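Colleague: One structure follows; several queries about it will come next.
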Amino acid sequence: MGDANTGESAPDAHHAPSAQDGAGVDTYTVEVPTGRVDDAQVPPAQRTPADSADNAPPSPYLTSDELRWAQDTISSISGAFTAKVVGQARLHETLLIALLTGGHVLLESVPGLAKTTAAQTLAQAVGGTFHRIQCTPDLLPSDIVGTQVYNQVSGTFETQLGPVHANVVLLDEINRSSAKTQSAMLEAMQERQTSIGDRSYALPDPFLVLATQNPIEQEGTYPLPEAQMDRFTLKDVLDYPSPAEEAEVLRRIDSGVFDGPSGPVVSIPDVKRLQGLVSRVYVDPAIVNYIVGIGYVTRHPRDYIEARLAAYVDYGASPRASIAFMAAARARALVDGRNHVVPDDVKALTHRVLRHRVSLGFEAAADDVPVEHVIDAMVGGIRTP
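With the UniProt record's numbering, letter number 119 in the sequence shown gets 119, and the count goes up by one each step, no holes.
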């Protein structure tokens with residue numbers, strides 16, 4: 001049931017599109033929730049042949065040998081990360097998921113929580129290049145993507161590629177750059193190329209943007225437009241380390257054991273192979289139905305959560321959120337050593353996938369209602385498959 005003022009109607013629950021063309025592929029019916037959260041649940045998809053979300057996946061999904069290789073490779077990357085970064089387990093998982101999906105991450109935290117170290121360590125572990133860009137109001141697009149410089153000796157213009165041409169790019173305090181500069185990053189993040197003069201230049205593969213925002217200092221900042229926010233696969237909010245973790249940081253500094261591996265522990269081809277394996281992680285049609293249901297509820301909150309919370313929502317998540325959910329859930333399953341997605345993969349990602357895609361009005365800020373609270377209410381209205 002769609003809201004009258006959105007112009008969107010609920011999809012036909014009797015239409016059963018194929019998951020993809022071809023024989024031997026599961027088919028499913030996507031059923032959207034009806035009624036209010038207190039008297040309705042999302043019915044599971046009609047599944048053939050799988051009967052539950054944790055059934056053994058059919059061929060041609062990951063083999064045991066492929067899964068074992070993936071686990072060994074991911075463990076090597078994780079070992080290099082934990083050798084230099086104490087704690088921050090969720091950041092560790094977020095960066096791994098972004099690497100395996102080819103996505104981008106928006107991080108919100110105060111300074112000093114190892115964001116630069118984490119990004120640099122990840123790039124080093126996979127044998128990739130790393131560039132850090134400090135965003136300021138006077139930063140120009142050419143400072144990021146590159147420019148053409150006149151060579152007086154040859155009498156020709158030569159192209160100098162900018163720092164965005166790296167495997168891992170850290171955009172520190174991205175909201176301090178102007179809207180014009182932010183738009184230059186939009187092409188890089190979405191198209192994975194940059195335009196300099198009349199030519200386009202492909203970015204390295206893999207390509208991961210890690211952008212940071214300081215939630216405290218808002219003076220002199222430029223809020224990211226919704227179109228660019230949606231390009232980030234995940235948004236994570238970092239917490240301060242626990243006292244035990246902070247003590248471990250001091251112990252490692254004192255003992256000099258922060259060195260970790262000095263070179264790559266895996267290769268870029270290994271990362272590309274991991275990305276290929278992620279796309280073959282099995283997703284049961286019931287999980288697909290669950291993801292679609294979450295997205296639908298974010299766009300029609302008045303029908304599924306209490307009116308007080310629904311009134312805070314300006315707009316919900318786009319279909320790009322469902323795409324991010326699917327890819328990130330697959331990557332999380334592989335990181336966890338599984339060749340199939342379970343509902344907990346989706347639940348664990350709801351805040352990171354939706355917090356920058358579900359927009360709340362100023363009333364929510366005035367009433368001190370965080371977006372995560374509204375997201376929890378939305379997800380709570382859908383039955384777990």
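All residues carry an ideal CB built from backbone N, CA and C; glycine is no exception.
Note that the structure is predicted; figures quoted are calculated from it, not measured.
I need the boundaries of the beta strand (DSSP E) containing His92, first residue and last residue.
Modeller: Not the beta strand (DSSP E): His92 falls in the alpha helix (DSSP H), residues 89–101.
Colleague: Under a Cβ-count criterion, where at least 16 other Cβ atoms within 10 Å of its own Cβ denotes burial, should His373 be classed as buried or exposed?
Modeller: With fewer than 16 other Cβ atoms within 10 Å, it is exposed.
Colleague: Tell me the rounded alpha-carbon separation between Ile79 and Thr73.
Modeller: According to the sequence shown, residue 79 is Gly rather than Ile. Near 10 Å, if we compare the C-alpha coordinates of Thr73 and Gly79.
Colleague: Sorted by chain position, which residues of the same chain lie with C-beta nearer than 7 Å to Pro264's C-beta, five sequence neighbours on each side aside?
Modeller: Contacts found: Gln124, Ala125, Val126, Gly127.
Colleague: Using a Cβ-Cβ cutoff of less than 7 Å, which residues in the same chain neighbour Thr221 once the five nearest sequence positions on both sides are dropped?
Modeller: Only Asn175, Arg176 meet the Cβ criterion.
Colleague: State the beta-bridge partners of Glu158 as determined by DSSP.
Modeller: Val149, per the DSSP bridge assignment.
Colleague: What would DSSP say about Phe130, mapped onto helix, strand or coil?
Modeller: Strand at Phe130.
Colleague: Apart from the five residues on each side of it in sequence, which residues of its chain come closer than 8 Å, Cβ to Cβ, to Gly197?
Modeller: Excluding residues within five positions, the ones whose Cβ falls inside 8 Å are Gln148, Phe157, Thr159.
Colleague: Is it right to say Ser109 is buried, meaning 16 or more other beta carbons lie within 10 angstroms of its own, or is it exposed?
Modeller: Answer is buried; the Cβ neighbour count reaches 16.
Colleague: Assuming Phe325 contacts Val371 under a Cβ cut-off of 8 Å, what Cβ separation, rounded to an integer in Å, is found between them?
Modeller: With 8 Å as the limit, Phe325 and Val371 do not qualify as a contact, their Cβ atoms being about 16 Å apart.
Colleague: Compare the Cα-Cα distances from Asp344 to each of Ala310, Tyr312, Pro385, Tyr304 and report the closest residue.
Modeller: Asp344 has its Cα closest to that of Pro385, out of Ala310, Tyr312, Pro385, Tyr304.
Colleague: Quick one: what's got a C-beta closer than 6 Å to Val283's C-beta in the same chain, skipping five residues either side?
Modeller: Same-chain partners within the cutoff: Val341.
Colleague: Use the C-beta contact count for Glu246: other C-beta atoms within 10 angstroms, 16 or more gives buried, fewer gives exposed.
Modeller: Classification for Glu246: exposed.
Colleague: For Ser200 and Ser255, what's the separation of their Cα atoms in angstroms?
Modeller: Near 48 Å, if we compare the C-alpha coordinates of Ser255 and Ser200.
Colleague: Can you give the beta carbon distance from Leu186 to Arg132, rounded, assuming they're within the 8 Å contact cut?
Modeller: With a Cβ gap of about 20 Å, Leu186 and Arg132 do not count as contacting.
Colleague: I'd like the list of long-range same chain contacts for Thr181, defined as Cβ closer than 6 Å, with 5 residues on each side in sequence excluded.
Modeller: Contacts found: Leu139, Pro141.
Colleague: Figure out for me which residue from Arg280, Gly155, Gln193, Val209 has the closest Cα to the Cα of Val168.
Modeller: Residue Val209 is the option with its Cα nearest to Val168.
Colleague: Pull the bridge partners of Gln193 from the DSSP assignment, please.
Modeller: Gln193 pairs with Ala202.
Colleague: Quick one: measure Cβ to Cβ for Asp205 and Thr94, integer angstroms, because I've assumed they're closer than 8 Å.
Modeller: 20 Å between Cβ atoms; not a contact.
Colleague: Among the residues of its own chain, which have a CB less than 7 Å from the CB of Leu349, if the five just before and after it don't count?
Modeller: Result list for Leu349: Phe325, Ala328, Ala329, Arg332, in chain order.
Colleague: The ligand FAD and Val371: does the residue's C-beta get closer than 7 Å to at least one heavy atom of that ligand?
Modeller: With respect to the ligand FAD, the structure shown offers nothing to examine, as it has no ligands at all.
Colleague: Which term fits Phe362, buried or exposed, when burial requires 16 or more other beta carbons within 10 angstroms of its beta carbon?
Modeller: Its Cβ having fewer than 16 others within 10 Å, Phe362 is exposed.
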